[in-house]
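Here the sequence shown stands for residues 1 to 321, where the numbers follow the UniProt record's numbering.
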Amino acid sequence: MRLRQIEVFRAVMLTGTASEAARLLHVSQPVVTRVLQHAEASLGFRLFERVKGRLQATPEAAALYGDVERLYGEIERVRRVSESLRHSGAGRLRVAATPSLAGPLLVPALQRFCARHPDTQVQVLTHHTGEIVQGLLSNQIDLGFAFSPPRHEALAAAAVASGRMLLAVPRGLPLPAGGRRGSVSMQRLAERPFIAYDDNSSLGLLVRQTLARNGLEPRSTLEVQTYSLALAMVEAGLGLTLLDQFTALDADPARIALHQIEPALPFEIHALRARHRATSSLVDDMRAQFALVAQATAQALPQRLEAPAVVFEPAAAGAEN
């Protein structure tokens with residue numbers, strides 16, 4: 001059955017007459033009669049019998065009606081979405097972020113986005129970077145946010161924010177005072193409990209490679225896969241760790257001190273989408289709101305940093321003298 005035939009068939013099932021179906025559909029009665037005749041001819045069986053001036057459904061029509069109602073419901077959903085898109089830019093957006101970006105950046109970005117698009121249905125997912133990539137390629141995600149994701153020829157990646165790593169220290173385990181240069185060598189902190197990362201994300205690799213490059217092997221009995229969990233462990237006083245600035249800024253200042261790292265360990269946050277799918281105004285605006293939140297959040301960093309700075313150089317180099 002063609003879409004028009006389905007529409008007429010449903011209208012007759014609901015009203016019981018060709019004239020009432022015509023009024024429901026805003027067409028003439030001959031149009032309804034002609035469409036029904038074509039539908040019956042293509043199906044090879046009758047849909048209605050005329051009984052006392054009304055059209056009574058045949059058993060075949062009754063069996064067909066359930067599937068027609070389900071199909072019509074999907075057609076109506078498509079119509080509503082298309083109308084919303086035409087009038088107010090509403091629709092559906094599936095967005096994902098890594099766990100560490102979800103809380104400090106994605107949630108406030110969604111607040112701004114939903115205020116601008118109140119009728120848009122948004123599905124929010126938290127995935128590791130590899131899962132975001134697979135979701136984008138399989139059309140299960142429209143937009144993803146991740147720290148410095150690996151290059152992929154099927155993905156378009158655009159930097160929406162940048163930042164640096166910080167040292168997060170429990171208030172109960174303060175750093176020693178800095179020397180003349182106002183800094184403390186990371187070497188002096190190597191014996192303190194350190195929360196390490198066992199993931200293969202870009203930031204996890206950055207932390208491990210930086211420590212190894214400087215010949216440092218902190219005493220680590222705890223390993224985690226997410227920076228938000230590392231933050232919770234620092235707040236619990238279980239050790240210190242290196243965190244991205246956005247996760248770190250989500251920390252309770254009464255429980256965690258944040259210290260600058262020198263030289264800086266920079267990173268970027270990228271917005272990801274599949275190249276084979278055309279971008280939409282919803283994707284563009286979600287990306288813009290995320291970037292604005294990241295920029296506003298970064299402005300709070302200078303007020304949260306405390307002395308001393310932490311430098312990656314041996315204590316004997318005189319960083320604390």
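Cβ atoms here follow ideal geometry from the backbone N, Cα and C, with glycine treated the same way.
Every value quoted in this text rests on a predicted model; they were computed, and no experiment measured them.
If we ignore side chains and look at the alpha-carbon of each, how far apart do Gln-303 and Leu-167 end up?
15 Å
Would Pro-176 be called buried (16 or more neighbouring beta carbons within 10 Å of its own) or exposed?
Exposed is the label assigned to Pro-176, since fewer than 16 other Cβ atoms lie within 10 Å of its Cβ.
Roughly how many whole angstroms lie between the Cα atoms of Thr-241 and Val-234?
7 Å
Own chain partners of Leu-141 with C-beta closer than 6 Å, once the 5 adjacent residues on each side are dropped:
The sequence shown places Ile at residue 141, rather than the Leu named in the question. In its chain, beyond the 5 residues on either side, Arg-94, Ala-96 and Gly-135 have a beta carbon closer than 6 Å to the beta carbon of Ile-141.
Would you give the residue range spanned by the beta strand (DSSP E) that His-259 belongs to?
256 to 262
Assumed close pair Ser-183, Ala-278 - CB separation to whole angstroms, cut-off 8 Å
Actually they do not touch by this definition, with Cβ atoms about 50 Å apart.
Taking 8 Å as the CB-CB limit, is Gly-66 close to chain B?
Among the chains of the structure shown, chain B does not appear; only one protein chain is present.
Helix, strand or coil, according to DSSP, for Gln-134 in the structure here?
Shown here, Gln-134 sits in a helix according to DSSP, grouped into three states.
Spatial neighbours of Glu-262 in its chain, beta-carbon cut-off 6 Å, leaving aside the 5 residues before and after
Short of 6 Å from the beta carbon of Glu-262, and not among the five residues preceding or following it, lie these beta carbons of its own chain, in chain order: Ala-309 and Val-311.
Assign Phe-194 to one of three DSSP states: helix, strand, or coil.
strand
Can you tell which of Gln-245, Thr-33 and Thr-210 has its C-alpha closest to the C-alpha of Arg-54?
Comparing Cα-Cα distances from Arg-54 to each of Gln-245, Thr-33 and Thr-210, the minimum goes to Thr-33.
Is there contact between the segment 144 to 158 and the segment 101 to 112, where contact requires at least three CB pairs shorter than 8 Å?
yes
Residues that Val-51 bridges to, as DSSP identifies them:
Looking at the DSSP assignment, Val-51 forms a beta bridge with Arg-54.
In chain order, which continuous runs of the alpha helix (DSSP H) of length 4 or greater are located wholly inside the segment 230 to 295?
245 to 248
Among Arg-208, Leu-110 and Glu-40, nearest to Pro-118 - alpha-carbon criterion:
Leu-110
Please list, in chain order, all residues of the same chain as Val-68 whose beta carbon is under 7 Å from its beta carbon, the five residues on each side excluded.
Ile-6, Phe-9 and Arg-10
Beta-bridge pairing of Ser-228 - partner residues as DSSP gives them
In DSSP, Ser-228 forms no bridge with anything.
Using the beta-carbon count (16 or more within 10 Å), is Val-107 buried or exposed?
Classification for Val-107: exposed.
Would you report the Cα separation of Arg-213 and Ala-274, rounded to the nearest angstrom?
35 Å
Would you kindly work out how many angstroms separate the C-alpha atoms of Met-13 and Ala-288, rounded to a whole number?
49 Å
Got a sec, what are the start and stop residues for the alpha helix (DSSP H) Ser-302 sits in?
Residue 302 is actually Pro in this sequence, not Ser. Boundaries of the alpha helix (DSSP H) harbouring Pro-302: 301 to 304, taken from the DSSP string.
First through last residue of the beta strand (DSSP E) which encompasses Thr-126
For Thr-126, the uninterrupted beta strand (DSSP E) segment begins and ends at 121 to 126.
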